[in-house]
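Trainee:
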Amino acid sequence: MSKNLSPKEVFDAKPWTGKLRSYDIIKEGTIAVVVVALLVVSLSFLFGSPDEKSLTFKGWAESNSDNFYATAVQELAGTSGTATYGRPYNEGSDGLNVGPLFLQKWAGVTHRIDAANNFVIEPLMNQVQTPEVKAALTQWSQASVDARTKWATTYDDAITKAEGKLSAIPAGEYGPVPALANGLTQMAKAGSLDAALLSQGGFFQTDSTKQILFFGDGAYLDDAGTAANLQGGTWGMMNETGRYPGQAWLWLYSFWYQIPPFTNEESHPIGANADVYIMVIMGAMSLGLILIPVIPGVRSLPMRIPIHRGIWRSYYQSEGIKRRRK
Amino acid sequence: MWTARARESWQKNLPIEKLIPDTQPAYVVSWIYVFGVLTIAALSVIIISGLALAFAGPAWYHTSDFGHWVNSLHFWSVQLFFAFMVIHLWGKFWMAAWRGGRIKTWISGAVVFVLSIATGFTGYLIQTNFDSQWIAYEAKDGFNSAGIGAFFNVTNLGQMLLLHVAFLPAVLGLLTLIHVLMVRKRGVVPPIDANSSNTEASR
Chain S
1499 MSKNLSPKEV
1509 FDAKPWTGKL
1519 RSYDIIKEGT
1529 IAVVVVALLV
1539 VSLSFLFGSP
1549 DEKSLTFKGW
1559 AESNSDNFYA
1569 TAVQELAGTS
1579 GTATYGRPYN
1589 EGSDGLNVGP
1599 LFLQKWAGVT
1609 HRIDAANNFV
1619 IEPLMNQVQT
1629 PEVKAALTQW
1639 SQASVDARTK
1649 WATTYDDAIT
1659 KAEGKLSAIP
1669 AGEYGPVPAL
1679 ANGLTQMAKA
1689 GSLDAALLSQ
1699 GGFFQTDSTK
1709 QILFFGDGAY
1719 LDDAGTAANL
1729 QGGTWGMMNE
1739 TGRYPGQAWL
1749 WLYSFWYQIP
1759 PFTNEESHPI
1769 GANADVYIMV
1779 IMGAMSLGLI
1789 LIPVIPGVRS
1799 LPMRIPIHRG
1809 IWRSYYQSEG
1819 IKRRRK
Chain B
4 MWTARARESW
14 QKNLPIEKLI
24 PDTQPAYVVS
34 WIYVFGVLTI
44 AALSVIIISG
54 LALAFAGPAW
64 YHTSDFGHWV
74 NSLHFWSVQL
84 FFAFMVIHLW
94 GKFWMAAWRG
104 GRIKTWISGA
114 VVFVLSIATG
124 FTGYLIQTNF
134 DSQWIAYEAK
144 DGFNSAGIGA
154 FFNVTNLGQM
164 LLLHVAFLPA
174 VLGLLTLIHV
184 LMVRKRGVVP
194 PIDANSSNTE
204 ASR
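Taken in order, these protein sequences are the chains called S and B.
The first sequence finishes on residue 1824 if you use our numbering, and the numbering steps up by one all the way, no holes.
The second sequence finishes on residue 206 if you use our numbering, and the numbering steps up by one all the way, no holes.
(1) So the candidates are Gly94/B, Ala113/B, Gln82/B; which of them puts its Cα closest to the Cα of Glu1809/S?
(2) Under DSSP, the beta strand (DSSP E) around Gln1709/S begins and ends at which residues?
(3) With DSSP as the reference, please indicate the residues paired to Arg1802/S in a beta bridge.
(4) Pick helix, strand or coil for Ser1743/S, following the three-state DSSP scheme.
(5) So which of Ala59/B, Ala7/B, Val115/B has the shortest CA-CA distance to Leu92/B?
(6) With H, G and I counted as helix, E and B as strand and the rest as coil, what does DSSP make of Arg105/B?
(7) Using alpha carbons as the reference points, say which of Val1626/S, Val1571/S, Pro1791/S, Val1792/S lies closest to Asp1655/S.
(8) What are the residues that DSSP puts in a beta bridge with Asn1737/S?
(9) Thinking Trp1747/S and Val89/B are a contact (beta carbons under 8 angstroms), I'd like their distance in whole angstroms, please.
(10) According to the neighbour-count rule (16 or more other Cβ atoms, all chains shown, within 10 Å of its Cβ), is Leu1785/S buried or exposed?
(11) Can you give me, in chain order, the residues of the segment 117 to 146 of chain B that have a beta carbon less than 9 angstroms from any beta carbon in chain S?
(12) Would you mind sorting Gln1640/S into buried or exposed? The rule is 16 or more other CB atoms within 10 Å of its CB.
(13) Can you give me the C-alpha to C-alpha distance between Glu11/B and Glu1550/S, rounded to a whole angstrom?
(14) Can you round the beta-carbon distance between Trp1649/S and Glu1671/S to whole angstroms, since I take them to be within the 8 angstroms contact cut?
(15) Tell me, please, whether the segment 187 to 194 of chain B touches the segment 97 to 112 of chain B by the rule of three or more beta-carbon pairs shorter than 8 angstroms.
(16) For Pro1791/S and Tyr36/B, what's the separation of their Cα atoms in angstroms?
(17) Assuming Trp1558/S and Ala1694/S form a contact by the criterion Cβ under 8 angstroms, report the distance between their Cβ atoms to the nearest whole angstrom.
(18) Quick one, which of Gln1756/S, Ala1772/S, Pro1548/S has its alpha-carbon nearest Glu1763/S's?
(19) By alpha-carbon positions, which one of Tyr1755/S, Ile1524/S, Thr1528/S ends up nearest to Met1447/S?
(20) Taking DSSP as the reference, what is the three-state secondary structure of Leu1599/S?
(21) Measure how close the beta-carbons of Met1801/S and Ala99/B come, nearest whole angstrom, since I'm counting them as under 8 angstroms.
(22) What does the alpha-carbon distance come out to for the pair Leu1787/S and Ile1779/S?
(23) Should the segment 1561 to 1568 of chain S be regarded as contacting the segment 1704 to 1717 of chain S, the criterion being three or more beta carbon pairs within less than 8 angstroms?
(24) Report the partner residues of Thr26/B according to the DSSP bridge assignment.
(25) Pull up the distance between the alpha-carbon of Asp1522/S and that of Lys15/B, whole angstroms please.
(26) In the structure shown, what three-state DSSP assignment does Gly1808/S receive?
(27) Does Thr1554/S come within less than 7 angstroms of chain B when only Cβ atoms are used?
(28) Whose CA, out of Val40/B, Tyr30/B, Trp34/B, Asp25/B, lies closest to the CA of Gly1527/S?
(29) What in chain S is Cβ-close to Met98/B, meaning under 9 angstroms?
(30) Measuring only the C-alpha atoms, how far is Gln1627/S from Gly1681/S?
(31) Going straight from the alpha carbon of Leu175/B to that of Leu118/B, what length do you get?
(32) Buried or exposed for Asp1510/S, please, with buried defined as at least 16 other CB atoms from any protein chain shown within 10 angstroms of its CB.
(33) Starting from Phe58/B, follow the alpha helix (DSSP H) in both directions and report where the run begins and ends.
(34) Chain B partners of His1609/S, CB-CB under 9 angstroms?
(35) Is there a Cβ from chain B that is less than 7 angstroms from the Cβ of Met1783/S?
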């Protein structure tokens, strides 16, 4: 036994020589498995499980064509969420920070995404297009970066000014951008954009990063999340679609997103950087849980709050051990 | 030879009387003790149902009624697993179950809890339905903000699938086994303020 242990620790560590009772660990395990299996089978028959069909680009373009079109323009203009995201996708921004620490930047760009090319130009080039879209692709590819940016941002601004109503956009110097956005919208409506983004020019594909990010740039995914009560501000992190229990064990993680300053994106430095602050808090709390036995104050709570008197009630009664007084 | 020493160490620390005991201290009578074995029982149902799902592929349950039922088994066993484990964890906290040189047992159990959350999370990401689309999109920001997203990309279905069905269950299973063996080696922690004549320390 270690010399560093207190007499009490030595006592707790020694083999028990008090009263024993018979015990069959294999029987206990078998009964537990049978009981839990029966419980699981009953719950599965009674309630089933959730399986809300995945969203598609076809569904997005058909149900909210203008929003899809406007998002395609944002990708070309470099103003979408993905284009301005920063690491690990691009250098669009510095990302979030905790004081002077920009953890997001440390590993650099590991999954490079060029929103305009990956989300719009490449899918269009990989499919058979109308003469109008073909001409627009040629014009885009032969133009300078400055010219592309000017066309796309001017058109993006015009859409914003028209509050997303495409019919209200005045004529302007938009170059090939309207034709490209329209071509992509038609592709999405036909269902071929889903396949184009999935294959990404190859045969096998298991990385869905680009599809997910493009999806999130528009309103379609966000609206669906709101409708399903899955937004982070309404405990969405631990919710599930339908009337099913979700990841209830994430309640503490979700909790921080319900209280200020984390709820206020405008407040600096914490609210504006809520994601990283909450990650750090939860990382520290997880470490704290693991290290409870060595944290003064916390480790002695079970001795101070006599819940153990209930757990070992029969033992204390049989031995006549009274509650410890301070 | 290290193999002989390993055998001797095993025999010394985990003889059959400790590994598969036929008696245990009389104070182990509370219902709270049941939740440890219930957690392991739920984990075994998770593994069996998960193996069935893995065998048929991640999208099987969308198109097969039987597959959807197996998915339901997996879903509910996970819910019960966490419920049992949280109760077990609270129970062990209020028993101060790390006493008597059992700190490593607590640490291994707490690590299993945290790792289970990661494993469950990757499971939600590979549902290949709307829920997984939503969770992947929302969760990426937290991981990216801390620099973790560069290595643990929640929007990469292939990476999450392999982590969920291979790497994480292997580590989780191994840690659970170590945790249980530690409990068997040290025995169940005695009651707080137990009678000092009840252990060999008094002799």
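Yeah, the Cβ is synthetic: ideal placement off N, Cα and C, and Gly gets one too.
Mentor: Quick answer:
(1) Note that residue 1809/S corresponds to Ile in the displayed sequence, not to Glu. Looking at the Cα atoms, Gly94/B is the closest of the given residues.
(2) Unbroken run through Gln1709/S is the alpha helix (DSSP H), 1707 to 1715; no beta strand (DSSP E).
(3) None; Arg1802/S has no bridge partner.
(4) Looking at the sequence provided, one finds Pro at residue 1743/S rather than Ser. Pro1743/S: strand per DSSP, three-state reduction.
(5) Val115/B
(6) coil
(7) Val1571/S
(8) Pro1743/S
(9) 7 angstroms
(10) exposed
(11) Val117, Ser119, Ile120, Gly123, Phe124, Tyr127, Gln130, Thr131, Asn132, Phe133, Asp134, Ser135, Gln136, Trp137, Ile138, Ala139, Tyr140, Glu141, Ala142, Lys143, Asp144, Gly145, Phe146
(12) exposed
(13) 55 angstroms
(14) 7 angstroms
(15) yes
(16) 20 angstroms
(17) That belief does not hold up - the Cβ atoms of Trp1558/S and Ala1694/S are roughly 14 angstroms apart, past 8 angstroms.
(18) Ala1772/S
(19) Chain S is shown from 1499 up to 1824; residue 1447/S falls before or after that span and cannot be answered.
(20) strand
(21) 6 angstroms
(22) 12 angstroms
(23) yes
(24) Ser1520/S
(25) 22 angstroms
(26) helix
(27) no
(28) Val40/B
(29) Pro1800, Ile1805, His1806, Ile1809, Trp1810
(30) 8 angstroms
(31) 7 angstroms
(32) buried
(33) 37 to 59
(34) Gly152, Ala153, Asn156, Thr158, Asn159
(35) no
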